[in-house]
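Participant: For the sequence shown, this note's numbering begins at 270 and goes up steadily by one.
We put the beta carbon where it would ideally sit given N, CA and C, even for glycine.
The structure presented is a predicted model; accordingly, all values stated were derived computationally and were not measured.
Sharing a structure, written as structure tokens. Questions coming.
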Amino acid sequence: MTKLTTEVLIVGGGPAGLAAAAAASTNGSRSVTIVDDNPRLGGQIWRAELGQIKSADAREIIAALNQQKIEIVNNAAIFASDGNSLLAETPSGKVRIEYKKLILATGARERFLPFPGWTLPNVFGAAGLQALVKGGLNVANKRVVVAGTGPLLLVVAEYLAKKGAVVVTICEQTSNRKLDRFALGLWRSPSKIVQGLSLRGRLRSIPYRRNSWVTAAHGGSELQSVTIRRLERSEDVECDLLACGFHLVPNIELAQLLGCQIIDGYVAVDEYQQTSRAGVHCAGEPTGIGGVDAAIVEGKIAGFASADQFDKATSLLQQRKGTMAFTKALDRAFELRDELKTLAANSTIVCRCEDVQYGKLAEYKDFRTAKLQTRCGMGSCQGRICGAAVEFLFGWSNRSVRPPIFPVKMENL
Numbered sequence: 270m271t272k273l274t275t276e277v278l279i280v281g282g283g284p285a286g287l288a289a290a291a292a293a294s295t296n297g298s299r300s301v302t303i304v305d306d307n308p309r310l311g312g313q314i315w316r317a318e319l320g321q322i323k324s325a326d327a328r329e330i331i332a333a334l335n336q337q338k339i340e341i342v343n344n345a346a347i348f349a350s351d352g353n354s355l356l357a358e359t360p361s362g363k364v365r366i367e368y369k370k371l372i373l374a375t376g377a378r379e380r381f382l383p384f385p386g387w388t389l390p391n392v393f394g395a396a397g398l399q400a401l402v403k404g405g406l407n408v409a410n411k412r413v414v415v416a417g418t419g420p421l422l423l424v425v426a427e428y429l430a431k432k433g434a435v436v437v438t439i440c441e442q443t444s445n446r447k448l449d450r451f452a453l454g455l456w457r458s459p460s461k462i463v464q465g466l467s468l469r470g471r472l473r474s475i476p477y478r479r480n481s482w483v484t485a486a487h488g489g490s491e492l493q494s495v496t497i498r499r500l501e502r503s504e505d506v507e508c509d510l511l512a513c514g515f516h517l518v519p520n521i522e523l524a525q526l527l528g529c530q531i532i533d534g535y536v537a538v539d540e541y542q543q544t545s546r547a548g549v550h551c552a553g554e555p556t557g558i559g560g561v562d563a564a565i566v567e568g569k570i571a572g573f574a575s576a577d578q579f580d581k582a583t584s585l586l587q588q589r590k591g592t593m594a595f596t597k598a599l600d601r602a603f604e605l606r607d608e609l610k611t612l613a614a615n616s617t618i619v620c621r622c623e624d625v626q627y628g629k630l631a632e633y634k635d636f637r638t639a640k641l642q643t644r645c646g647m648g649s650c651q652g653r654i655c656g657a658a659v660e661f662l663f664g665w666s667n668r669s670v671r672p673p674i675f676p677v678k679m680e681n682l
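The following block contains the structure:
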């Protein structure tokens, strides 16, 4: 087993984690280490394209990385905690990382909701398909339906179109009223208005359907078409790929394992991103789904605070207040409609790891009992997919987290 020691340890190499590392490294007396389970830094938003991002924040982060102020450990999955150290599995074996201060920037994952045909080949998560294309998947001339909810749909649609895909339509499940209210509220964030108008302008040739959602996917060995419902009307649309995601779910498993307080599904933090556990900060999506701007400012605050530079952290509090308002507006605007709870048939698989169907789960009243009787949530993803689905479908919560939080080799246990 390899042993590493650092003063500030950051888990997660996305915008929040990178911003935290850049801020913490400004205090030259502190050693700073980023641990990420991907081969490259950048997270979902900047995946494989960090050097191409033109924002000032990205340039600052790249400069800090180039100056070798920050140690980077890639391909390392944190799976357990042992006192003031974390255990990670890497391709070369187990690593124990000791720290004095810890910043959790573990990001978020997509929420998937089951519907007939959602397990067909060529049905992807929206961000999942984007990640595959960034990794080299060719989608040129492929007909793609982008569906679900949230601003991510527009970002994914634009990216796929740039890569040569034919985006047939974008289906947004939320209502006109909620979207209009969200848009009117953006006067507090002028930059968001500019970004939104610019993005919609680039997508003007693609139909954008509000009050619309996919109810079924059809095909044999692969996807051939989807059924789209818009209020009371349904139609079948031919396509080669479906990119479907219902906003995001925070990755809070490590925070739970460490004993951090969780409120309404998010890690609770104070003004300096300090969690309920001393010496542990949290930034980005685990504290609220607010996008890249929120992630960066929270990462900076956490980084400065972990390096005891509270004056610099305090100077960012007003900026964070603005991003928090945007985060709350996102939650209200893209709240899932009740009709989505009725999509799955009794034969629809909900837990993909253990092949558990909706009809079997409907027999039980809580997640623990369903787990014991059906193994739902006990597969290799440890409930990361079906857990969010059954929370929405049945109101079940799964707050039981035990090591290992990711599947690991027996020799590393």
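For a quick check, are the C-beta atoms of Thr-496 and Ser-503 less than 7 Å apart?
Facilitator: Here residue 496 refers to the residue found at position 227 when the sequence shown is read from its first residue. Here residue 503 refers to the residue found at position 234 when the sequence shown is read from its first residue. A contact, by the Cβ cut-off of 7 Å.
Participant: When you compare only the Cα positions, how much space is there between Pro-360 and Ile-532?
Facilitator: Taking the first residue of the sequence shown as position 1, residue 360 is located at position 91. Taking the first residue of the sequence shown as position 1, residue 532 is located at position 263. Spanning the two alpha carbons is a distance of roughly 35 Å.
Participant: Just curious, the beta strand (DSSP E) that Cys-440 is in, first and last residue?
Facilitator: As a position in the sequence shown, residue 440 is number 171, starting the count at 1. Its beta strand (DSSP E) spans residues 435–441.
Participant: Since Asp-505 sits in a beta bridge, which residues does DSSP pair it with?
Facilitator: Residue numbering aside, residue 505 sits at position 236 when the sequence shown is read from its first letter. Asp-505 pairs with Thr-496.
Participant: Rank Ile-565, Val-518, Val-483 by C-alpha distance to the C-alpha of Glu-507 and give the top, closest one.
Facilitator: Taking the sequence shown and counting its residues from 1, the one referred to as residue 507 is at position 238. Measuring from the Cα of Glu-507, the nearest candidate turns out to be Val-483.
Participant: Find out if the Cβ-Cβ distance for the pair Ala-598, Gly-454 is shorter than 7 Å.
Facilitator: Residue numbering aside, residue 598 sits at position 329 when the sequence shown is read from its first letter. Residue numbering aside, residue 454 sits at position 185 when the sequence shown is read from its first letter. In contact: Ala-598 and Gly-454 (Cβ atoms closer than 7 Å).
Participant: Return the chain-ordered ranges of every beta strand (DSSP E) run that is complete within the stretch 344–380 and spans a minimum of 3 residues.
Facilitator: Every beta strand (DSSP E) of 3 residues or more that sits fully in the stretch 344–380 is shown, in chain order, as 346–350, 354–359, 362–367, 370–373, 377–379.
Participant: Quick one, which of Leu-472, Ala-285, Glu-379, Val-280 has its alpha-carbon nearest Gly-566's?
Facilitator: Sequence index remark: in the sequence shown, residue 566 carries index 297 (1-based). Here residue 566 is Val; the residue named in the question, Gly, does not match the sequence. Nearest in C-alpha terms to Val-566, of all of Leu-472, Ala-285, Glu-379, Val-280, is Ala-285.
Participant: In this structure, does DSSP put Val-301 in helix, strand or coil?
Facilitator: Within the sequence shown, numbered from 1, the residue matching residue 301 stands at position 32. Correct three-state label for Val-301: strand.
Participant: Using only the alpha-carbon positions, how far apart do Tyr-541 and Ala-571 sit?
Facilitator: Reading the sequence shown from its first residue, position 272 is the one you call residue 541. Reading the sequence shown from its first residue, position 302 is the one you call residue 571. In a straight line, the C-alpha of Tyr-541 is about 6 Å away from that of Ala-571.
Participant: Round the Cβ separation of Thr-617 and Pro-383 to the nearest angstrom and send it over; I've been treating them as touching at under 8 Å.
Facilitator: Mapped onto the sequence shown, residue 617 falls at position 348. Mapped onto the sequence shown, residue 383 falls at position 114. Between Pro-383 and Thr-617 the Cβ distance is about 5 Å, and since that is below 8 Å, they are a contact.
Participant: Roughly how many angstroms lie between the CA atoms of Asn-410 and Gly-534, to the nearest whole one?
Facilitator: As a first step, residue 410 must be located in the sequence shown, where it is residue number 141. As a first step, residue 534 must be located in the sequence shown, where it is residue number 265. A straight line joining the alpha-carbon of Asn-410 with that of Gly-534 spans about 40 Å.
Participant: Between Gln-336, Glu-329, Leu-334, Ala-430, which has its C-alpha nearest Leu-398's C-alpha?
Facilitator: In the sequence shown, residue 398 corresponds to position 129, counting from 1. Considering only alpha carbons, the answer is Ala-430.
Participant: Considering only their Cβ atoms, is the gap separating Ala-657 from Arg-380 smaller than 7 Å?
Facilitator: Position 111 of the sequence shown holds residue 380. Position 388 of the sequence shown holds residue 657. It is a contact, given that the beta carbons lie within the stated cut-off.
Participant: Name the residue from Ala-332, Gly-282, Thr-295, Ala-293 whose alpha carbon lies nearest to the alpha carbon of Arg-309.
Facilitator: In the sequence shown, residue 309 corresponds to position 40, counting from 1. The option with the nearest alpha carbon to Arg-309 is Gly-282.
Participant: If we count Cβ pairs, one from each stretch, closer than 8 Å, do we get three or more for the stretch 653–668 versus the stretch 612–630?
Facilitator: yes
Participant: Tell whether a beta-carbon distance below 7 Å holds between Ser-669 and Val-277.
Facilitator: Residue mapping note: residue 669 aligns to position 400 of the sequence shown, counting from 1. Residue mapping note: residue 277 aligns to position 8 of the sequence shown, counting from 1. Result no, Cβ atoms of Ser-669 and Val-277 do not sit closer than 7 Å.
Participant: I need the boundaries of the alpha helix (DSSP H) containing Ser-575, first residue and last residue.
Facilitator: Translated into positions along the sequence shown, residue 575 becomes position 306. Looking at the DSSP string, the run of the alpha helix (DSSP H) that includes Ser-575 is 560–575.
Participant: Check for me: the beta strand (DSSP E) holding Phe-515 runs from which residue to which?
Facilitator: For the purposes of this step, residue 515 is identified with residue 246 of the sequence shown, where counting begins at 1. Here the beta strand (DSSP E) through Phe-515 covers 510–515.
Participant: Which stretch, first to last residue, makes up the alpha helix (DSSP H) that contains Val-425?
Facilitator: Counting from one through the sequence shown, the residue named residue 425 turns up at place 156. Per DSSP, Val-425 belongs to the alpha helix (DSSP H) from 421–431.
Participant: Could you check the C-alpha separation between Asp-600 and Arg-469 for me, to the nearest Å?
Facilitator: As a working mapping, residue 600 is identified with position 331 in the sequence shown. As a working mapping, residue 469 is identified with position 200 in the sequence shown. So the alpha carbons of these two residues sit roughly 21 Å apart.
Participant: Using 7 Å as the threshold, is the C-beta distance between Phe-636 and Asn-667 below it?
Facilitator: As a first step, residue 636 must be located in the sequence shown, where it is residue number 367. As a first step, residue 667 must be located in the sequence shown, where it is residue number 398. Cβ atoms of Phe-636 and Asn-667: closer than 7 Å.
Participant: Can you tell me where the beta strand (DSSP E) with Arg-412 in it begins and where it stops?
Facilitator: Here residue 412 is taken as the residue at index 143 of the sequence shown, counted from 1. Arg-412 -> beta strand (DSSP E) spans 412–418.
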